[in-house]
Every structure is written in C-alpha cells, then in structure tokens.
Amino acid sequence: MTTPPGLRERKKQATHKALREAALRLALERGPDQVRVEDIAEAAGVSPRTYNNYFASREQAIVSAVTADREARIAAAVTARPAGARLADAITQAVVEQYTNTGEREQRALLLITTRPALRDAFLDTTADIEPPLTAVIAERLGDTGAHTARVLAASVAAAVRIALESWLRPAGNAEAAESVTAAGLVVPSGSLPDQLRAALAPLAPAFDAAERSTQP
C-alpha cells in the first residue's frame, strides 16, 4: 500500500507543476526564445532561486510540462497488463501509448520542440528517467534473481526510446517540418512515431523472452 505524500512533498509537487505549466504557457504565448527564467518564476509565484531548485534551464521546464510523470505512467501501464502477457509486448505497448496519446496542448508543445535544438535535446534527455521505475517493474516480474537483468533491460528500453526519438526528430529543423506533426499519428518526414518506437524496441524482444523463460520452473 502506497503511503500518501506529506504536506511538504505535496507543496513541492505543486511548485514543480506550477513552474512547468507556467513555462509552457509562456513559451506558447511568446515563443521559447522570449521567455526568461525570471518570467517563469514570476508567473508561478516563486523566486528565481526557487526555480533553480527544480530546473536547470527554461528548456527543462518547458519540456517537463509535456513529459512529467511519463516514466511512472509507463511503469504503471506495464504493471496493469495481465500477468500472463508477454513482457516485451507489455513494455512496447506501454511506451507507444504514453508517447503518442497526447492532447492538443501537448501537440502544440511538440511543434516547439521539433523546431528548437535546445528543446529537442532536453526532450531526448528525459528518456533516461524511464529506467528507474521500469527497473522496479521488470524486477518484480522476474523475481529476486532478476534484479541485475531488470536494470540492464530497463536501461536498454530507455536507450531504444531515445534512438527512436532522435530518428523521429532529426529532420524537424524548420517550420515546414513542424507543420507536418499531426494529432493522429505524430508524423514528421522521418515517419510515424509509433512505428519508430516499435522498430527501436523490437530487437530487445528476444532478451525479454529469455529473461522470462529463465524464471519459469
């Protein structure tokens, strides 16, 4: 049973959310290049010093509004799959769902991300956050003997997702490319994001299958 966060932790979560929401709103209104850290802090009702306790750059804050808690949602989605489901399939489905089921605001944010190198870099860096929660989920699935394997597999998933996103974002260097992003399929000239993710994760399937077989009697 999960213990509810205390008052201090809830305040930290609220501040984190206020900052990332303010960062994205200002970026959409003014353009990322016209947003300063001081502007974000003021809009969120905190000091720039407090801002620096949460984010190292404006790009981190803007991207966080799109990616916040995604790694936890991926792990939760894997956990929610039936116990008998193939682990490789469960992870692939969870990753594709969480990276492509986005709303209108997230779509607008992605238009910014695809056209700004600094935002693209910050977006790609968030893939590393997948590893810790996914390691825990995989380890639970594999049992006590799979702790090391779980970490390797989770790190491989994070790397595969980054590779897929790099391939997907690579040609998006101008406004014309950004306009090709669609709500239905998140498509840019490099192809469909769901297809890119599935292709990058596919080589990991044999390793997941082998890990699952090793836990069977």
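Residue 1210 is where the sequence shown starts when you use the numbering used here, and the numbers rise one by one after that. Using N, Cα and C, we set each Cβ at its ideal position, and we do this for glycine too. Source: prediction; values computed, not measured.
Span separating the alpha-carbon of residue i from that of residue j
i	j	result
E1230	T1424	43 Å
E1251	L1328	21 Å
R1258	H1357	39 Å
L1410	T1288	18 Å
V1255	K1226	12 Å
A1363	R1350	12 Å
L1395	S1376	Interpretation of L1395 is limited by its pLDDT of 47, a score under 50 that renders its predicted location unreliable; no figure is taken from the coordinates.
V1272	P1403	20 Å
P1412	S1365	10 Å
A1292	S1401	30 Å
T1224	N1262	10 Å
A1387	R1219	With a pLDDT of 46 at A1387, under the threshold of 50, the modelled position of that residue is not reliable, and no figure is offered here.
V1162	G1312	Here the chain has residues from 1210 to 1426 only, and residue 1162 is not among them.
R1282	E1268	22 Å
D1418	D1248	49 Å
A1294	Y1260	42 Å
P1415	A1345	20 Å
T1301	S1266	31 Å
P1326	R1422	42 Å
R1314	A1299	27 Å
R1290	Q1405	22 Å
K1221	A1270	15 Å
R1331	A1369	The sequence shown places Ala at residue 1331, not Arg. One C-alpha to the other measures close to 17 Å.
Residue i vs residue j beta-carbon contact at 8 Å
i	j	result
T1336	L1378	no
I1339	A1367	yes
Q1307	R1279	yes
F1264	L1228	yes
G1352	A1420	no
L1333	L1374	yes
A1236	V1246	no
P1342	A1253	no
P1286	A1303	Sequence inspection shows Ala at residue 1286; the Pro mentioned does not correspond to that position. It is a contact, given that the beta carbons lie within the stated cut-off.
Rounded distance between the beta-carbons of residue j and residue i, thought under 8 Å
i	j	result
V1305	R1407	6 Å
L1233	A1359	Not quite, the Cβ-Cβ distance comes to about 33 Å (not below 8 Å), so this is no contact.
Checklist entry - Would you say the stretch 1214-1221 touches the stretch 1235-1255, given that touching needs at least three Cβ pairs under 8 Å? => result no
Next on the checklist: Please give the ranges of any alpha helix (DSSP H) in the stretch 1310-1390, keeping only runs that are unbroken, at least 4 residues long and fully inside the region.
Outcome noted: 1313-1324, 1326-1334, 1340-1351, 1356-1378, 1384-1387
Item to check | Complete runs of the alpha helix (DSSP H) confined to the stretch 1221-1258 [at least 4 residues] | outcome: 1246-1253
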